[in-house]
Amino acid sequence: MKQRWDQSLLYLTTVAVLAIAVVIGALFIDVTNRVTHERTKQQSAAHLNELLDTVESTASIACFVGDQALAQEVANGLLKNSGVLGVVIRTDKQELARNYRGSSAGQAAEPAVEGRLIRIIHSPFSPDDKVGEIQLDPDPAEFERMVSEEVHFVGKL
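Below, the structure is given as structure tokens:
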């Protein structure tokens with residue numbers, strides 16, 4: 026009696042080993058995706074905070090004197106960074122600048138609320154006096170692209 030090929034021990038062992046390898050590979054990619062997502066989120070937040078540190082003194086002057094042109098220049102400069110979707114600079118009394126990449130500000134702001142950074146701006150002459158705030162919305166599409174690139178790179182290894 027001749028044994029069928031799909032019942033042979035070699036065939037069944039090969040199928041089992043391949044199935045286990047695929048499952049372990051998928052689990053590895055999933056864990057890598059989660060870890061990379063969290064690490065990229067932390068790196069992105071640190072980078073955006075550094076951007077805010079860079080423009081804080083200029084934004085402070087713009088808020089202190091209520092200069093919309095200067096505030097708009099700060100917002101435009103921040104938007105040159107690919108990780109920034111939108112910027113709002115305001116005093117307690119008025120909004121000095123609002124600039125979002127792409128679509129209108131109302132539509133663009135909603136997906137970015139999760140990673141939104143808000144920095145209180147203090148007077149350039151008295152660090153105890155609040156003169157305004159700057160709101161920075163990260164670009165979720167750029168963030169996802171960065172995560173995807175890293176996961177893809179690890180997947181190739």
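Numbering (the numbering used here), first residue to last: 26 to 182.
Cβ coordinates follow ideal geometry from the N, Cα and C atoms, glycine included.
Q: With distances taken Cα to Cα, identify the nearest neighbour of serine 148 among Ser82, Val179 and Leu142.
A: Indexing the sequence shown from 1 puts residue 148 at position 123. With distances taken between Cα atoms, serine 148 lies closest to Ser82.
Q) Going by C-alpha distance, which of Val47, Thr38, Arg64 and Asp153 is nearest valine 176? A) Here residue 176 corresponds to residue number 151 of the sequence shown, with the count starting at 1. Out of Val47, Thr38, Arg64 and Asp153, Arg64 has the C-alpha closest to the C-alpha of valine 176.
Q: Give the range of the alpha helix (DSSP H) segment to which glutamine 160 is assigned.
A: Residue numbering aside, residue 160 sits at position 135 when the sequence shown is read from its first letter. Not the alpha helix (DSSP H): glutamine 160 falls in the beta strand (DSSP E), residues 155 to 163.
Q. Which value, in whole angstroms, describes the spacing of the CA atoms of alanine 41 and glutamine 68?
A. Counting from 1 along the sequence shown, the entry for residue 41 is found at position 16. Counting from 1 along the sequence shown, the entry for residue 68 is found at position 43. So the alpha carbons of these two residues sit roughly 40 angstroms apart.
Q. With burial defined as no fewer than 16 other Cβ atoms inside 10 Å of the residue's Cβ, what is the status of leucine 121: buried or exposed?
A. For this step, residue 121 is matched to residue 96 along the sequence shown. That one is buried.
Q: With a 10 Å radius around its C-beta and 16 neighbouring C-beta atoms as the bar for buried, classify alanine 44 as buried or exposed.
A: Counting from one through the sequence shown, the residue named residue 44 turns up at place 19. When all chains shown are included, alanine 44 counts as exposed.
**Q.** Contact set for arginine 29: own chain, Cβ-Cβ below 8 angstroms, skip 5 residues either direction
**A.** Counted from its first residue, the sequence shown places residue 29 at position 4. Closer than 8 angstroms at the Cβ level, and outside the excluded window around arginine 29, lies no residue.
(Q) Check whether the segment 105 to 123 and the segment 45 to 57 are in contact - that is, three or more C-beta pairs closer than 8 angstroms. (A) no
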